[in-house]
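Colleague: Oh and the sequence shown: position 65 is 65 in the UniProt record's numbering, straight run, nothing missing.
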Amino acid sequence: MSYKDSIQLFRNVSLTFPTFNLLHLRLSLPYFGEFILQHQLLKTFVYFGMASASFCLIKLMASGVQSVGLYLKTFFNAKKYTSSQMEFSIGSMNQSKYYAVIYGTSNRAGRSFAKYLAGKGFNLILIDRDIEVLMNFEKELKSEFEERKIQICSIELNKFDVDQLRAKLLPLKDLPVKLFVNCKNTKKNAVKHQERDNDPLAINSGNVNQSLMEVQTGEELISKEEVYFSTRENIDGYSALASVFLYQMRRDSVNPAVINVDSDEKINLSKLKRGQLLFLSTLQYQDTFTTLLSRQYKDVATINVKVNFQSLKDNLTKQKQMCDQTFQYLGVLDTISVQ
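#1: Over the uninterrupted beta strand (DSSP E) stretch that includes Cys153, give me the two end residues.
#2: If we ignore side chains and look at the alpha-carbon of each, how far apart do Gln85 and Asp163 end up?
#3: Can you tell me which of the three DSSP states Val307 falls into?
#4: By the 10 Å Cβ neighbour count, where 16 or more other Cβ atoms means buried, how is Thr317 classified, buried or exposed?
#5: Between the beta-carbon of Lys173 and the beta-carbon of Gln248, is there less than 9 Å?
#6: CB-CB under 6 Å to Gly110, same chain, minus the five flanking residues each way: which ones, in chain order?
#7: In the DSSP assignment, find the alpha helix (DSSP H) that holds Asp264 and state where it starts and stops.
#8: So which of Phe48, Ala53, Leu60 and Glu132 has the shortest CA-CA distance to Leu9?
#9: Find out if the Cβ-Cβ distance for the pair Leu293, Val258 is shorter than 9 Å.
#10: Determine the direct distance from the alpha carbon of Ser281 to that of Gln319, and round the result to whole angstroms.
#11: Could you tell me whether the Cβ atoms of Asp334 and Ile303 are closer together than 9 Å?
#12: Leaving aside the five residues before and after Ser112 along the sequence, list all residues of the same chain whose C-beta is less than 7 Å from its C-beta, in chain order.
#13: Does the separation of the CB atoms of Ile150 and Glu138 fall below 9 Å?
#14: Under the rule that 16 or more other beta-carbon atoms within 10 Å means buried, what is Pro18, buried or exposed?
#15: Give the straight-line distance between the Cα atoms of Tyr98 and Lys178, rounded to the nearest whole angstrom.
#16: Could you tell me the distance, in whole angstroms, from the CA atom of Met135 to the CA atom of Ser337?
#17: Going along the chain, which unbroken runs of the beta strand (DSSP E) with 3 or more residues stay wholly within the region 82-136?
#18: Give the DSSP-derived three-state secondary structure of Pro18 in the structure shown.
#19: Determine the direct distance from the alpha carbon of Lys73 to that of Val64, and round the result to whole angstroms.
#20: In chain order, what residues of the same chain lie with their CB nearer than 6 Å to the CB of Gly218, ignoring the 5 residues before and after it?
#21: Would a C-beta distance cut-off of 9 Å place Asp252 and Val307 closer than the cut-off?
#22: Can you tell me which of the three DSSP states Gly331 falls into?
#23: Quick check on Asp314: buried or exposed, where buried means 16 or more other Cβ atoms within 10 Å of its Cβ?
#24: Compute the Euclidean distance between the alpha carbons of Arg166 and Leu60, then round it to the nearest angstrom.
#25: Phe180 lies in the alpha helix (DSSP H); which residues open and close that run?
#26: Taking only the alpha-carbon atoms, compute the straight-line gap between Leu126 and Lys273 and give it to the nearest angstrom.
#27: Span of the alpha helix (DSSP H) holding Phe289?
#28: So, helix, strand or coil for Leu272, using DSSP?
#29: Take the Cβ of Thr290 as the centre, count every other Cβ of all protein chains shown within 10 Å, and call the residue buried at 16 or more, exposed below.
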């Protein structure tokens, strides 16, 4: 049989509850005195529940304040990075617009950023391997943005040479650069089937052997030359070019920024195919390198942008969304994912 009992909370709040003989035990402990077990258990539950609720409420309020602060930051953030008008002249140069460097214009992401920034008034420096691709894209841009100055630079980074790189970039050393956008995610198309290479580390004339590595029948195969390209272009190329242009950006511009765009492919990490391991590793390097740049140089904003390159094809809305969100969160978040 149960009857009503009550306890005092916070000294002046009374809580009435049904009591049960099984728990209504009077106990005594040294230094604690006499107490009723049910009373102490109920007080513990009530105080713990209130503390948990208060903690969750505080966390929710803090998260809300943080979200509002982030929104306000992004609301006014893009303008300072997408402003192409130079605030001051540099030496005797007759320049009124900043330049944006796009490394990797053979994919949809690079082309999207090039057109987006040209539309914002930026002159462009386009860098990639294939000179024919660069020339065709330059022609396309000039037909749409007649007033923009466009420089193209073809660099074969599988034959990486520091002196060659400097010679290629020498004509660009005095141009006022504000933005560096890396869209280089080299990963060549795979073939269906080839015989297994008995010596996967064979070297031919100082370059990686051309033969192909077999994974399993029906799975993707990547030639060692293509793996070699991934390392050269995604790691060496990005690092070297960013380092070179970083000097010009910090010297000549206000609010310089480095943007790294990754192809966010849905790859099963527990079942990697040969070639994917190195490819994904190069993308991880690009992300880390980009983030650490902003830690090293406080005046340079950076961001990593994750987007599926295939989803950008013939989708102008998605392309604009990617570019808009990039500059909204540039320098605010380390990484964003464009869905």
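Built from N, CA and C at the ideal position, the CB exists for glycine as well. All of these numbers come straight from a predicted model, not from anything done at the bench.
Modeller: A quick look at the data gives this:
#1: In the sequence shown, the residue the question calls residue 153 occupies position 153. Segment Ile150 to Ser154, the beta strand (DSSP E) holding Cys153.
#2: By one-based count along the sequence shown, residue 85 stands at place 85. By one-based count along the sequence shown, residue 163 stands at place 163. Between Gln85 and Asp163, the C-alpha separation is close to 33 Å.
#3: The count along the sequence shown starts at 1 and reaches residue 307 at position 307. Three-state result, Val307: strand.
#4: Mapped onto the sequence shown, residue 317 falls at position 317. Burial check for Thr317: the Cβ neighbour count within 10 Å stays below 16, so the residue is exposed.
#5: If you number the sequence shown from 1, residue 173 lands on position 173. If you number the sequence shown from 1, residue 248 lands on position 248. Contact: yes.
#6: Residue 110 sits at position 110 when you count from the first residue of the sequence shown. Excluding residues within five positions, the ones whose Cβ falls inside 6 Å are Ile102, Gly104 and Cys183.
#7: For the purposes of this step, residue 264 is taken as the residue at position 264 of the sequence shown. Neither: Asp264 is in no alpha helix (DSSP H) and is coded neither H nor E.
#8: Residue 9 sits at position 9 when you count from the first residue of the sequence shown. It is Phe48.
#9: Sequence index remark: in the sequence shown, residue 293 carries index 293 (1-based). Sequence index remark: in the sequence shown, residue 258 carries index 258 (1-based). In contact: Leu293 and Val258 (Cβ atoms closer than 9 Å).
#10: Position 319 of the sequence shown, counted from the first residue, corresponds to residue 319. Position 281 of the sequence shown, counted from the first residue, corresponds to residue 281. For Gln319 and Ser281, the distance between alpha carbons rounds to 26 Å.
#11: Along the sequence shown, one-based indexing puts residue 334 at 334. Along the sequence shown, one-based indexing puts residue 303 at 303. Closer than 9 Å, so yes.
#12: Start at 1 with the first residue of the sequence shown, and residue 112 comes out as number 112. Only Leu312, Gln319, Met322 and Cys323 meet the Cβ criterion.
#13: Taking the sequence shown and counting its residues from 1, the one referred to as residue 150 is at position 150. Taking the sequence shown and counting its residues from 1, the one referred to as residue 138 is at position 138. Contact: yes.
#14: Locating residue 18 in the sequence shown gives position 18, counting from the first residue. When all chains shown are included, Pro18 counts as exposed.
#15: Within the sequence shown, numbered from 1, the residue matching residue 98 stands at position 98. Within the sequence shown, numbered from 1, the residue matching residue 178 stands at position 178. Cα to Cα, Tyr98 sits roughly 6 Å from Lys178.
#16: For the purposes of this step, residue 135 is taken as the residue at position 135 of the sequence shown. For the purposes of this step, residue 337 is taken as the residue at position 337 of the sequence shown. One C-alpha to the other measures close to 31 Å.
#17: 99-103 and 123-128
#18: Translated into the one-based positions of the sequence shown, residue 18 becomes position 18. In the displayed model, Pro18 falls within a strand according to three-state DSSP.
#19: The residue labelled residue 64 in the question sits at position 64 within the sequence shown. The residue labelled residue 73 in the question sits at position 73 within the sequence shown. The sequence shown places Gly at residue 64, rather than the Val named in the question. When the Cα atoms are used, Gly64 and Lys73 turn out to be separated by approximately 14 Å.
#20: For the purposes of this step, residue 218 is taken as residue 218 along the sequence shown, with counting starting at 1. Because Gly218 sits at a pLDDT of 40, beneath the cut-off of 50, its placement in the model cannot be relied upon, and the following sentence gives the value as read from the coordinates. Closer than 6 Å at Cβ, skipping near neighbours: no residue.
#21: In the sequence shown, residue 252 corresponds to position 252, counting from 1. In the sequence shown, residue 307 corresponds to position 307, counting from 1. No, the Cβ-Cβ distance between Asp252 and Val307 is not below 9 Å.
#22: Against the sequence shown, residue 331 aligns to sequence position 331. It is coil, neither helix nor strand.
#23: For the purposes of this step, residue 314 is taken as the residue at position 314 of the sequence shown. Looking at its Cβ environment, which holds fewer than 16 other Cβ atoms inside 10 Å, Asp314 is exposed.
#24: Sequence index remark: in the sequence shown, residue 166 carries index 166 (1-based). Sequence index remark: in the sequence shown, residue 60 carries index 60 (1-based). Using only the alpha carbons, I get a separation of about 53 Å.
#25: Residue 180 sits at position 180 when you count from the first residue of the sequence shown. From DSSP, Phe180 is part of no alpha helix (DSSP H) but of the beta strand (DSSP E) over Val177 to Asn182.
#26: Locating residue 126 in the sequence shown gives position 126, where the first residue counts as 1. Locating residue 273 in the sequence shown gives position 273, where the first residue counts as 1. Approximately 32 Å between the Cα atoms of the pair.
#27: As a first step, residue 289 must be located in the sequence shown, where it is residue number 289. Its alpha helix (DSSP H) spans residues Gln276 to Gln296.
#28: If you number the sequence shown from 1, residue 272 lands on position 272. Note: Leu272 maps to coil in three-state DSSP.
#29: The count along the sequence shown starts at 1 and reaches residue 290 at position 290. The residue in question, Thr290, is buried, as its Cβ has 16 or more Cβ neighbours within 10 Å.
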